[in-house]
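Letter by letter, the sequence shown follows residues 1 to 149 of my numbering.
Have a look at the structure below, then the notes.
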Amino acid sequence: MHWDGKKLIINNAECTRCMHCIDAMPEALRVGADQGLSILFGAKAPILEGAQLAIMTIPFMYAEKPYDSIKDLIRKVFDWWIEEGKNRERIGETIQRVSLKTFIEVLGIPPMPQMIKEPRSNPYVFFKESEVPGGWTRDINEYRKKHPR
Numbered sequence: 001m002h003w004d005g006k007k008l009i010i011n012n013a014e015c016t017r018c019m020h021c022i023d024a025m026p027e028a029l030r031v032g033a034d035q036g037l038s039i040l041f042g043a044k045a046p047i048l049e050g051a052q053l054a055i056m057t058i059p060f061m062y063a064e065k066p067y068d069s070i071k072d073l074i075r076k077v078f079d080w081w082i083e084e085g086k087n088r089e090r091i092g093e094t095i096q097r098v099s100l101k102t103f104i105e106v107l108g109i110p111p112m113p114q115m116i117k118e119p120r121s122n123p124y125v126f127f128k129e130s131e132v133p134g135g136w137t138r139d140i141n142e143y144r145k146k147h148p149r
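Following this line, the structure appears as structure tokens:
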């Protein structure tokens, strides 16, 4: 958020849609014309582990009657959960076991910064072969010319 003296500018790409700014400044801000919803999956409050927050899966989705886009998303989630989930396993537990990456690929949505629950704990980044220029078939000698030991 930025104030230039006359106009309040909100960077929508960086906004996590927590609505804290609206609560803090009710006179200056109000809910806009674009009305919709955010969808989170996986919250629970087990006694031994304590409350666990959900994963912000859909930061913003328009909510317009007859709500077909929302129903389609919920059907995709249930179909995936029925196939991948174990007996008595909740959606959040299935997402943790299988991975958030797999879950959002099944939903067909792009990864967004709002989905990150915590910074990555391991240093490894995994790529698909189609994402790597030249695929997995590279000449090691050509690589060593650019990166000598």
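Think of the CB as a built atom: it goes at the ideal place given N, C-alpha and C, for glycine as much as any other residue.
By DSSP's assignment, Lys-44 forms a beta bridge with Gln-52. Look at Tyr-124 here: in three-state DSSP terms it is coil, with no helix or strand label. The Cβ neighbour count for Gly-42, taken over all protein chains shown within 10 Å, is at least 16; the residue is labelled buried. Cβ-Cβ separation between Lys-117 and Ile-74: approximately 21 Å, too far for a contact (criterion under 8 Å). Excluding five sequence positions before and after Arg-90, the CB atoms of its chain that fall closer than 8 Å to its own CB belong to Gly-42 and Lys-44, given in chain order.
Rounded to the nearest whole angstrom, the CA to CA distance from Tyr-62 to Cys-21 is 21 Å.
Rounded to whole angstroms, the Cβ separation of Met-115 and Leu-100 is 7 Å, and the two are in contact under 8 Å. In terms of Cα proximity to Asp-79, the closest of Val-106, Asp-23, Arg-30 and Gly-50 is Val-106. Here Trp-81 has Ile-91 and Thr-94 as same chain residues with Cβ atoms under 8 Å from its own Cβ, once five neighbours each way along the sequence are excluded.
By the beta-carbon neighbour count (other beta carbons within 10 angstroms, threshold 16), Ile-140 is exposed. Residue pairing for Tyr-62: DSSP places it in a beta bridge opposite Gly-36.
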